[in-house]
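Note sheet for the following structure.
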Ligand code: ADP
Ligand code: ADP
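Here it is in structure tokens:
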């Protein structure tokens, strides 16, 4: 089954700039793939269409068996909850503990606090940071902070994990560690799509790679 399907997707921003042109591809459920291309090629835009942070100007985006143009407005929050997102700057909140950062998506979704606590600890355990749960994330290294961001992205067990330049601020060893984590989640069935312009890292991972150039998918589709 397809987890993500783009059919002839175009995105033109209000200023008239074409960020994506005629993009067609399918990512199968359980696949792990990279999305690459120079800065401005359209990587973030493509991810934003999947998360419904932007709407396509033409064509269709499917996630699972849902075509997003016809997703009812009241189901948008539910749609986003099926997706975990990892950002380059991890967007952690420095006014609360590691535990509370990871718990945030579950609180928003209205989980029972005890069930939430169990899931938060399981997520922190998976990224090797259980012993840091009470600390403020500002006291952690950048690699550890990124792992907290990953724990937060997977704490609600999303079917789909998206990452936008998740290793942008990390040295090569830490970048590789983060990739091994993504592989680990992929092995248990999560579909993973990672936007990155780190070609040496992508080459080492030996996965399908979608290449955008000036908004067009020129390879891997
Ligand atoms: P990438 O993630 O590959 O760097 P983006 O998807 O961020 O590429 O950007 C693709 C193109 O769309 C760029 O030319 C960028 O300037 C433009 N763009 C991105 N977001 C917006 C926006 N909100 N409004 C107008 N233009 C945008
Ligand atoms: P990144 O690609 O690093 O994730 P963004 O998607 O925020 O970063 O922005 C990528 C490019 O899109 C940048 O060149 C930025 O100037 C441009 N951009 C982002 N938002 C807008 C906007 N609202 N209007 C015009 N250009 C934008």
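In full-length UniProt numbering, the protein residues as written are 1 to 221.
Cβ atoms here follow ideal geometry from the backbone N, Cα and C, with glycine treated the same way.
- Put simply, the backbone Cα of residue 137 is about 33 Å away from that of residue 208.
- Rounded to whole angstroms, residue 5 and residue 19 show a C-alpha spacing of 18 Å.
- In this structure, residue 17 has its CB closer than 7 Å to one or more heavy atoms of ligand 1.
- Going by DSSP, residue 28 is part of the beta strand (DSSP E) stretching over 18 to 28.
- Judged by DSSP in its simplified three-state form, residue 167 adopts coil rather than helix or strand.
- Within the stretch 109 to 137, the complete alpha helix (DSSP H) runs of at least 4 residues fall at 113 to 126.
- For residue 8, the uninterrupted beta strand (DSSP E) segment begins and ends at 2 to 12.
- Using a 10 angstroms sphere on the CB of residue 198, the tally of other CB atoms reaches 16 or more, which defines it as buried.
- In this structure, ligand 1 has a non-hydrogen atom nearer than 7 Å to the beta-carbon of residue 45.
- A direct Cα-Cα distance of roughly 19 Å separates residue 82 from residue 118.
- Note: residue 60 is bridge-paired with 7 in the DSSP secondary-structure output.
- Residue pairing by DSSP places residue 216 opposite 213 in a beta bridge.
- Nearest neighbour of residue 167 by Cα position, chosen from 152, 194 and 183, turns out to be 194.
- The closest CA to that of residue 53, considering only 132, 88 and 11, is found on 11.
- Residues of the same chain with a CB within less than 6 Å of the CB of residue 98, apart from the 5 flanking positions on each side, are 132, 133, 135, 137 and 148 in chain order.
- Taking the C-beta atoms as reference points, residue 56 is found nearer than 8 Å to residue 9.
- Judged by DSSP in its simplified three-state form, residue 202 adopts helix.
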